[in-house]
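Colleague:
There are 2 protein chains.
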Amino acid sequence: MPSAFSFAVLATDGNARLGELHTPHGVVQTPAFMPVGTQGSVKAMRHRDLEEAGAQIILGNTYHLYLRPGDELIARRGGLHRFIGWPHPILTDSGGYQVFSLAERRKIDEQGAEFRSHLDGSLHRLSPESAVDIQARLGSDIAMVLDECLAYPASRDETAHSMERSVRWAERCRARFVDIRDGGGDVGPTNPGQAQFGILQGGVFQDLRDQSADATIAIGFEGYAIGGLSVGEPIDLMYAVVSDTVRRLPTDRPRYLMGAGTPEDLVDCVARGIDMFDCVLPTRNARNGQLFTSEGRINIKNARYAEDDGPVDPACGCYTCRTHSRAYLRHLYLAGEMTAGSLNTLHNLTFYLDTMRRIREAISLRTFDKFRQEFLRSASRLSLNS
Amino acid sequence: MPSAFSFAVLATDGNARLGELHTPHGVVQTPAFMPVGTQGSVKAMRHRDLEEAGAQIILGNTYHLYLRPGDELIARRGGLHRFIGWPHPILTDSGGYQVFSLAERRKIDEQGAEFRSHLDGSLHRLSPESAVDIQARLGSDIAMVLDECLAYPASRDETAHSMERSVRWAERCRARFVDIRDGGGDVGPTNPGQAQFGILQGGVFQDLRDQSADATIAIGFEGYAIGGLSVGEPIDLMYAVVSDTVRRLPTDRPRYLMGAGTPEDLVDCVARGIDMFDCVLPTRNARNGQLFTSEGRINIKNARYAEDDGPVDPACGCYTCRTHSRAYLRHLYLAGEMTAGSLNTLHNLTFYLDTMRRIREAISLRTFDKFRQEFLRSASRLSLNS
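Chains as they are written, first to last, in our numbering: chain A, 112 to 497; chain B, 112 to 497.
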């Protein structure tokens, strides 16, 4: 049974690619940014806010959804799309990243991870196979393989062993995925057209990255993600790894840089051939009062905005910028109003998704390099502490 | 200079009245419910959510806005409407109720109240005159006089003395209001068309209520509010006071029952001739997971909704009910997602404001009594602990 998933590159400009992901729940134009919907909700957003901001796909966290409300409950509701009422594409991660960063008393071995829930201390196991099963029940359009995530910095030896284990896990994940897709087992998948992406590891060691790429590509996935970056390494090192790794990836599959990044990262990594991104930065920063604008970042808490009648970003057309002043948004933030979080998040996500739209437009016009230079110049105009 | 404020009764059905308030910021159809926008924001709502739910007027709390961000800052921004970006009518209370219920170390004497801010302990005074000045700077469409609020129960003597003081304060408030309206002083009002309502006190003692009504009407206001109810007295006593007090009020002025109430209270007090209501119940309960429906209240936390694919209220057309299941809303609530608060609040306010719309329709069709009987029967179908 063929996957309902496909990817096509429509145009290129340098290494930047304009493309389309076709999924069982609709088309995603790439380069794409995926807002993070941790527990089945992008924090402080209603789904229609996401649609309005231009989101075509969101990310769900398998770890959180597995623990609460549970993948089996979600499967009984008809899958994640139906449960949360989001009819558009969804990508789920494997749960591994949260097990490594959030869960308590975790033990990792070749079989997988044993951990205790951060919610109630209950004991759980996550294996390559169960990570596939859970995502099959959730029914996301794109599932990710379980990989091992190392903290930065890690030694070459540690990184090599971990990368090799991730390759072995990727093989097991793919085998399970194909088995379920072909009707095996009693998992009860809720989205027969689900695709699966492999994840490349290897830290900042390019020869390990190359080995990881070759082995993962040999297994064969609908798309490839670069994992293990945006974990604290110097930004130039991240860019170098992205550049070198992308060269090794097949041109006919989507490339997803996991967990990145700032608006500048998005532009600079599109320039290196990345098609998909996810990051909590726009949503988390919004709730902390840090707003992205066409002239750089501002901190809405700052006293300089107490009597500022202007919008957050004069170049932005979002509801927040159309309706409210910096003075009012500062007041809402200081007063602890929930609305501060929702107005700020709507703005930041609009900024991110509008940036992706402009990126796509620039690629289609073959003016991406000019766009990139202007974008980076504007973004650096205001410093972080303004 | 005449006020831009006017009120007309368009139809009656029994004691229930259909009317229109004309204000400098537009028309309010009565009977009306005013969502409470404590700090310049109805909690968890964007303004467009309020418009969508059918809100024609919101209430702002003078105590909160005076302390933060300050009435003078708001006046420099052009008044409360411009500061918060809400172009429709606003009513402000006098700040008295919060001074009596929220502020620390308050001292009340004939001059007014001295209190410490609940935010930072700073010392403040609120007098009848300053309550008028602050509201003139805020520029609400309807300002309220400063009155003394007693806890329930209070003795007849306490209630009489307090009511008499409230009458003296009402005289001072009106004098100051007229002075400002006629161009006196240097307060800098931001809404020349502001109206001012008197507030009747007298607890549950009808002869004191009558004295309060006569004296307050003699001063002369654009509208009259019934204060000091919904403070813990038995519901039948509240209804009796409302019935008896309304009879004494001029028919050509709007009647506002402060701080009430449940959906049933709204219907039953419209039946007694009330035109305006405000209450935190729909917004506060929403944030606690208590939802109002056409079949009574439900608590979305309840385990019985864990796998319930139906909407909160099949009879409701709000975004929440159109888009999401009880199962998902329960999950969002238990997961502590902010979106739970905003989706639940949108539903509860839609329920309240839709109830007001149906009330107005029933009065215009002269079927209000039938509507009322059916409404109360449906509302009692589910108990609070369902």
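Backbone N, C-alpha and C define an ideal beta-carbon position, used for all residues, glycine too.
This structure is a prediction, so every number in the text was calculated from the model and none was measured.
Where in the region 268-350 of chain A do unbroken runs of the alpha helix (DSSP H), each at least 4 residues long, occur, reported from the N-terminal end onward?
Modeller: Counting only runs of 4 or more, we get 317-330.
Colleague: Apart from the five residues on each side of it in sequence, which residues of its chain come closer than 7 Å, Cβ to Cβ, to residue 235/B?
Modeller: These residues qualify, in order along the chain: 226 and 228.
Colleague: Have a look at 361/A, 176/A and 466/A and flag the residue whose alpha-carbon is nearest the alpha-carbon of residue 379/A.
Modeller: It is 466/A whose Cα lies nearest to the Cα of residue 379/A.
Colleague: From this set, 395/B, 393/B, 423/B and 213/B, which residue's C-alpha is nearest residue 406/B's C-alpha?
Modeller: Taking only the C-alpha atoms, the option nearest residue 406/B is 423/B.
Colleague: Given residue 450/B, which residues of its chain have a CB within under 8 Å of its CB, disregarding the five upstream and five downstream residues?
Modeller: Answer for residue 450/B: 443, listed in chain order.
Colleague: Can you tell me whether DSSP reads residue 415/A as helix, strand or coil?
Modeller: Helix, per DSSP.
Colleague: For residue 194/B and residue 417/A, what's the separation of their Cα atoms in angstroms?
Modeller: Taking the straight line from one Cα to the other gives about 11 Å.
Colleague: Taking just the CA atoms, how far does residue 141/A sit from residue 471/A?
Modeller: Cα-Cα distance, rounded: 7 Å.
Colleague: Buried or exposed: which applies to residue 262/A, given that a residue is buried once 16 or more other Cβ atoms fall within 10 Å of its Cβ?
Modeller: Its Cβ having fewer than 16 others within 10 Å, residue 262/A is exposed.
Colleague: Thinking C-beta only, is residue 312/B closer than 7 Å to residue 258/B?
Modeller: Taking 7 Å as the Cβ cut-off, residue 258/B and residue 312/B qualify as a contacting pair.
Colleague: Under 8 Å, with one C-beta from each stretch per pair, do the region 195-208 of chain A and the region 124-141 of chain A reach the 3-pair mark?
Modeller: Taking 8 Å as the limit for Cβ pairs, the verdict is that the region 124-141 of chain A does touch the region 195-208 of chain A.
Colleague: Tell me the residue span of the beta strand (DSSP E) that contains residue 383/A.
Modeller: From DSSP, residue 383/A is part of no beta strand (DSSP E); its letter is neither H nor E.
Colleague: Mapping the DSSP letters down to three states, classify residue 218/B as helix, strand or coil.
Modeller: In the structure shown, residue 218/B sits in a strand (DSSP, three-state: E or B).
Colleague: Would you say the region 327-341 of chain A touches the region 268-285 of chain A, given that touching needs at least three Cβ pairs under 8 Å?
Modeller: As far as the Cβ criterion goes, the region 327-341 of chain A touches the region 268-285 of chain A, which means the pair count is three or higher.
Colleague: Hey, could you find the ends of the beta strand (DSSP E) residue 140/A is sitting in?
Modeller: Its beta strand (DSSP E) spans residues 137-141.
Colleague: Give the DSSP bridge partners of residue 367/A, in chain order.
Modeller: DSSP, once it has assigned bridges, lists 336/A and 387/A as partnering residue 367/A.
Colleague: Any idea what DSSP makes of residue 408/A, helix, strand or coil?
Modeller: Here residue 408/A sits in strand by DSSP.
Colleague: When you compare the CB of residue 458/B with every CB in chain A, is at least one pair closer than 7 Å?
Modeller: No, residue 458/B lies away from the interface with chain A (no Cβ there is under 7 Å from its Cβ).
Colleague: Note down the Cα distance separating residue 368/B from residue 455/B, rounded to an integer number of angstroms.
Modeller: In a straight line, the C-alpha of residue 368/B is about 25 Å away from that of residue 455/B.
Colleague: From the beta carbon of residue 494/A, is the nearest beta carbon of chain B less than 7 Å away?
Modeller: Low confidence applies to residue 494/A: its pLDDT is 48, below 50, so where it sits in the model is not reliable, and the reading given next is rough at best. For residue 494/A, the answer is no, since every Cβ of chain B falls outside 7 Å of its Cβ.
Colleague: When the Cα of residue 412/B is compared with those of 421/B, 401/B and 179/B, which residue comes out closest?
Modeller: The shortest C-alpha separation from residue 412/B is found at 401/B.
Colleague: Determine, using beta-carbon pairs with one atom in the region 384-398 of chain A and one in the region 169-178 of chain B, whether at least three such pairs fall under 8 Å.
Modeller: Touching, no, given that fewer than three Cβ pairs across the two stretches are closer than 8 Å.
Colleague: Assign residue 362/B to one of two classes, buried (16 or more other C-beta atoms within 10 Å of its C-beta) or exposed (fewer than that).
Modeller: Result: exposed.
Colleague: What is the C-beta distance between residue 462/B and residue 393/B, in whole angstroms, given that I count them as a contact (C-beta under 8 Å)?
Modeller: Indeed they touch by this definition, with Cβ atoms about 7 Å apart.
Colleague: Please report the residue range of the beta strand (DSSP E) in which residue 489/B lies.
Modeller: Not the beta strand (DSSP E): residue 489/B falls in the alpha helix (DSSP H), residues 479-490.
Colleague: Any C-beta of chain A sitting closer than 7 Å to the C-beta of residue 152/B?
Modeller: At least one chain A Cβ lies under 7 Å of residue 152/B.
Colleague: Does the structure place the region 201-211 of chain B close enough to the region 234-251 of chain B that three or more beta carbon pairs sit under 8 Å?
Modeller: Yes, since at least three Cβ pairs between the region 234-251 of chain B and the region 201-211 of chain B fall closer than 8 Å, the two stretches touch.
Colleague: Among all the DSSP beta bridges, which residues are the ones paired with residue 121/A?
Modeller: None, per the DSSP bridge assignment.
Colleague: Determine whether the Cβ of residue 439/A lies closer than 7 Å to any Cβ atom of chain B.
Modeller: So, interface residue.
Colleague: If I'm right that residue 335/A touches residue 364/A with Cβ under 8 Å, what's the distance once you round it to whole angstroms?
Modeller: About 6 Å separates the two Cβ atoms, so the contact holds.
Colleague: Measure the C-alpha to C-alpha separation of residue 189/B and residue 151/B and round it to an integer number of angstroms.
Modeller: Near 14 Å, if we compare the C-alpha coordinates of residue 151/B and residue 189/B.
Colleague: Can you name the start and end residues of the beta strand (DSSP E) that residue 255/B belongs to?
Modeller: Unbroken beta strand (DSSP E) run through residue 255/B: 253-255.
Colleague: Count the other CB atoms, across all protein chains shown, that sit within 10 Å of the CB of residue 223/B; report buried if there are 16 or more and exposed otherwise.
Modeller: By the neighbour-count rule (16 or more Cβ atoms within 10 Å), residue 223/B is buried.
Colleague: Counting only Cβ-Cβ distances shorter than 7 Å, please list the residues of the region 179-206 of chain A near chain B, keeping chain order.
Modeller: Those would be 179, 180, 184, 187, 188, 194, 195 and 196, in chain order.
Colleague: Could you name the residues of the region 213-228 of chain B whose beta carbon sits closer than 8 Å to any beta carbon of chain A, in the order they occur along the chain?
Modeller: Cβ contacts with chain A come from no residue of the region 213-228 of chain B.
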